[in-house]
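With positions in the sequence shown counted from 1, the corresponding number in this note's numbering is that position plus 664.
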Amino acid sequence: MTFLLIALVVLLAVSIFRFYRQRTYLNVLTEDQFREGYRKAQLIDVREPQEFERGHILGARNIPVTQMKQRLVEMRKDKPVYLYCQNSSRSARAAQLLHKKGFKEIYQLKGGFKKWTGKIKTKK
665 MTFLLIALVV
675 LLAVSIFRFY
685 RQRTYLNVLT
695 EDQFREGYRK
705 AQLIDVREPQ
715 EFERGHILGA
725 RNIPVTQMKQ
735 RLVEMRKDKP
745 VYLYCQNSSR
755 SARAAQLLHK
765 KGFKEIYQLK
775 GGFKKWTGKI
785 KTKK
């Protein structure tokens, strides 16, 4: 029982540490803030292709987080990166990877695509 309690405390401490460290390189934006800047940036939808086809923010490119390491050559480090997924968890993982690879300006849509009220495009 003591071991489980110690493991739980360590896990919680690591999670809190990651959360605060992530705040140093990932800027979480409201929909209005996101809308103001994404046209001058690289707008990346990190969901899987089938999710992207069902609907995505107009102008977004689909680079799933599962393929991001292999597709980094498609992205520029000198331009801001605006990320989103369905609810923000995958885009946070993508942001961590981009940060490790030297990207500096990384932004995430608060609440993800499910909270987006702007224009979308769907595959017909």
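Every residue, glycine too, gets a C-beta built ideally from N, C-alpha and C.
Exercise. Counting along the chain, where does the beta strand (DSSP E) carrying Gln772 start and finish?
Worked result: Element bounds for Gln772: Ile770 to Leu773.
Problem set entry | Inter-residue Cα distance where the pair is Val674 and Phe667 | Their backbone Cα atoms lie some 11 Å apart in a straight line.
For this session: To the nearest angstrom, report how far apart Gly782 and Met665 are at their CA atoms.
Result: Rounded to the nearest angstrom, the two C-alpha atoms are 50 Å apart.
Exercise. Grouping DSSP H, G and I as helix and E and B as strand, with all else coil, what is Asp696?
Worked result: Reduced to three states, the DSSP call for Asp696 is helix.
Problem set entry | For Lys787, the nearest candidate out of Val729, Pro713, Lys774 and Val737 (CA to CA) | Nearest C-alpha to Lys787: Pro713.
For this session: Give every residue of the same chain whose Cβ lies closer than 8 Å to the Cβ of Ile770, excluding the five residues on either side of it in the sequence, and list them in chain order.
Result: Closer than 8 Å at Cβ, skipping near neighbours: Tyr689, Leu690, Asn691, Pro744, Val745, Leu747, Ala759, Leu762 and His763.
Exercise. Measuring CA to CA, which of Met732, Arg711 and Lys785 is closest to Asn751?
Worked result: Arg711 is the residue among Met732, Arg711 and Lys785 whose C-alpha sits nearest the C-alpha of Asn751.
For this session: Compute the Euclidean distance between the alpha carbons of Met739 and Lys778, then round it to the nearest angstrom.
Result: Taking the straight line joining both Cα atoms gives about 25 Å.
Exercise. Around the Cβ of Gln734, are there at least 16 other Cβ atoms within 10 angstroms (buried) or fewer (exposed)?
Worked result: Of the residues assessed, Gln734 falls on the exposed side of the cut-off, its CB having fewer than 16 other CB atoms within 10 angstroms.
For this session: Taking only the alpha-carbon atoms, compute the straight-line gap between Lys765 and Leu672 and give it to the nearest angstrom.
Result: Straight through space, the alpha carbons of Leu672 and Lys765 are spaced by roughly 31 Å.
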